[in-house]
Structures are given as structure tokens and as C-alpha cells.
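Take a look at the structure below.
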Amino acid sequence: MSSDSASNLPEFTPHPLPKVSPSHNLQGGERHQFLQRNRQAWDQLAKAGSPFAHVASDEECRNPLGTLDSRGWLPPSVRGLKVLCLAAGGGWQSILYASAGAEVTVVDLSPEMLALDEREAGRRGLSVRTIATSMDDLSMLADATFDISHQPVSTCYIPYLAAMYRELARVTKPGGLYISQHKQPVSLQLTHRDHRDRYVLGFEYYEKAALPLAADTMYREPGAQEYIHRWDELVGQLCRSGFALEDLVEPRRADPQAAPGTAGHRGRFVAPYVRLKARRLSEASSGGQRIVY
1233 MSSDSASNLP EFTPHPLPKV SPSHNLQGGE RHQFLQRNRQ AWDQLAKAGS PFAHVASDEE
1293 CRNPLGTLDS RGWLPPSVRG LKVLCLAAGG GWQSILYASA GAEVTVVDLS PEMLALDERE
1353 AGRRGLSVRT IATSMDDLSM LADATFDISH QPVSTCYIPY LAAMYRELAR VTKPGGLYIS
1413 QHKQPVSLQL THRDHRDRYV LGFEYYEKAA LPLAADTMYR EPGAQEYIHR WDELVGQLCR
1473 SGFALEDLVE PRRADPQAAP GTAGHRGRFV APYVRLKARR LSEASSGGQR IVY
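Take any residue in the sequence shown, count from 1 to its spot, add 1232: that is its number in this note's numbering.
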């Protein structure tokens, strides 16, 4: 990311927000509990060879940016850029970015997922820095470090997003790119199909507690503790933290010919994911007023 591109951005004064720590609204024991549960769940998924622990293949590494970016959101080259792969252990994003010449730091809660990044980086002669921490605690990383932050589906594993977005804004350079994918709230609200193959919204939209088990497990990871995040959290909180949303897409998972009980049939009624492209705005004093463009 050149300094020239950052200098052309509109100035931004962050909207005043309450101070948020990673343990926002949680007692220490509660926070430890959900972190420990999700760490163990993802360690197990990594050991079991889950599809979510799929490492980058030789073919994917021959065209790493094409593999990562089918929509043209990334710059033509990432060589020499600093990239944060946030909550992205598993040996896929980090290896592809490193294969394209980026300086990569990958953060993940699961040591077993990070071990895949380390193994694949060593096998391919790549340099990848790994850090075992929660996505909402990046205190070990310096301010304004990264040109690109890339986050796969993972925000559903923490109960509050304000601290994570605040940390992300802090470590991303002005003008830096944030690409992410999230589980849509309505998808997590689904609990089952009724006798007429209709999908039932069994969980409340404003539910703040961890989701209980449900018959519909198609987009739930076994053993993990998950939370619904509303649109005003996923997108609104992102913007309030100092990012400008540049694009939003819903990956299509619908198949008109799919039978009930399959992902293709479910996708005809509910889109499971949303992808966001956002840009870190520059910050400057503006007399305490918020500038909106």
C-alpha cells in the first residue's frame, strides 16, 4: 500500500465509543470458558483433518492471488506488503499470501491450526509468523502495521465485536484493506426444518448468549461455542471503528435442483455467508465532529 494512496483518503474522526476490553461484558471465568471451549474444538478439527483445516495445494500456490481473490479486491501484487491473517490458522490464507511475496502474520486461538501454518511454511521454504491469541486481543502487535488484514469466517466464535474491530483498526495502516467473511445472522437463527421442509427461525435475532445445540448443524462446527451477530454489529460497528465499507457480496449456495436436507436446498432460502471489503480510513482532528462521506 503506497503512502500516496493513503494520503488521498478522506480524513476521519472515529465516532466516540465506550472503552472496550477483550473481556467486554464478561467476567474472567466466562471469557476463559468460551475461549477454552473454542480452542479445544478447533484443535480437534485440525487433528481430525476437517475441511476447514485444508492447507493450500501446489496448484493453488501457483496462482495464489487468483485463489484468494476471485472478485478483484486485492491489489495486483502483494509483494513486500504486510498481511495479517486474522483468526485464520490452518495453512491456507497465510501460505497463499506468503507464496505471493507478502510478509505474513497469522493469528489464531488454536495451536493445532497454527501448527499447520508452520508445517506448510517450513515445507515450502516460506516465512510466516504465527501468534496464538484470541482475535480480539492483538496487544502484542504494533499500531498501523498491516497493509492488508484478511479474516475468514470466525467472528461467530466471540460474543462481542467492538474490541476486535477496535484492535483491527489499531493495527491496520490508514488506507489498509480489510477482507472478511462472516456467518449471516439469519443462518445462525435456523434450528430445524419442519414436516413441510420449511426452515424454522428458532433463535431470536437479538440473542446475546451462546447458541444452544440445534437440529440444523449444517453451518455449525462441532464442539464450538457460537454467537449471533446482528448487521449493526457486523457492518455498523466496523464503520464506527474507522473503516469504510467498499463492497459486500453474498456467496451463492443455492441449487434449484437440490433435495431437502442439503446445503444447496438450504441455500435457496437463506444465504449462509457474507463477504465484506472495507478500507481503513485516515484519522485527523476535526474539532470533535464526525465527517461522513
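Even glycine gets a Cβ: it sits at the ideal position worked out from N, Cα and C.
Note that the structure is a prediction, hence the values are computed from the model and not measured.
Can you check whether the CB of residue j is closer than 7 Å to the CB of residue i?
i	j	result
Ile1363	Val1339	yes
Ile1411	Lys1314	no
Val1432	Asp1426	yes
Gln1416	Ala1503	yes
Ser1342	Arg1271	yes
Pro1391	Tyr1329	no
Ala1273	Leu1297	no
Leu1420	Phe1378	no
Gln1457	Phe1266	yes
Ala1319	Gln1268	no
His1424	Ala1442	no
Gly1322	Glu1352	no
Tyr1232	Ser1309	What is shown of the chain runs 1233 to 1525, which leaves residue 1232 out entirely.
Arg1452	Ala1476	no
Glu1478	Leu1393	no
Tyr1505	Pro1488	no
Thr1387	His1497	no
Less than 6 Å separating the Cβ of residue i from some heavy atom of the ligand GTP?
i	result
Leu1443	This structure simply doesn't include the ligand GTP, nor any ligand for that matter.
Return the residue from the list the options that minimises the CA-CA distance to residue i.
i	options	result
Ala1334	Ala1319, Val1360, Gly1323 and Glu1458	Val1360
Leu1348	Glu1399, Tyr1431 and His1286	His1286
Leu1306	Leu1409, Cys1471, Glu1262 and Gln1265	Leu1409
Gly1407	Glu1292, Ala1376 and Gln1413	Ala1376
Ala1395	Gln1416, Leu1370 and Lys1415	Leu1370
Leu1300	Asp1448, Arg1402, Tyr1389 and Ile1327	Ile1327
Ser1381	Ala1401, Cys1388, Tyr1389 and Thr1365	Ala1401
Arg1311	Val1336, Ser1366 and Pro1488	Val1336
Gly1304	Val1481, Gly1281, Arg1355 and Thr1494	Val1481
Arg1485	Tyr1397, Ala1476, Ala1495 and Val1506	Ala1495
Lys1405	Gly1434, Ser1514, Arg1356 and Val1467	Ser1514
Tyr1389	Pro1488, Arg1398, Ser1366 and Gln1489	Ser1366
Arg1430	Pro1492, Glu1399 and Lys1440	Pro1492
Ala1228	Pro1283, Arg1356, Glu1399 and Gly1354	Residue 1228 lies beyond the stretch modelled for the chain, which goes from 1233 to 1525, so this question has no answer here.
Phe1284	Met1345, Glu1262 and His1264	Met1345
In the DSSP output, what is residue i paired with across the bridge?
i	result
Ser1359	DSSP lists no partner for Ser1359.
Arg1472	Arg1472 is not bridged to any residue.
Ala1218	Nothing in the structure corresponds to residue 1218, since the chain is present only between 1233 and 1525.
Tyr1431	Arg1425
Thr1404	Phe1378
Lys1415	Tyr1505
Tyr1410	Ser1381 and Ala1510
Stretch pair the segment 1292-1299 + the segment 1272-1281: three plus CB contacts closer than 8 Å: no
Quick check for students: name the residue ranges of the alpha helix (DSSP H) that lie wholly in the segment 1304-1357, counting only runs of 4 or more. The segment 1304-1357 contains these whole alpha helix (DSSP H) runs: 1325-1331 and 1343-1356.
Taking the runs of the beta strand (DSSP E) that are 3 residues or longer, which of them lie wholly in the segment 1443-1521? 1475-1481 and 1505-1512
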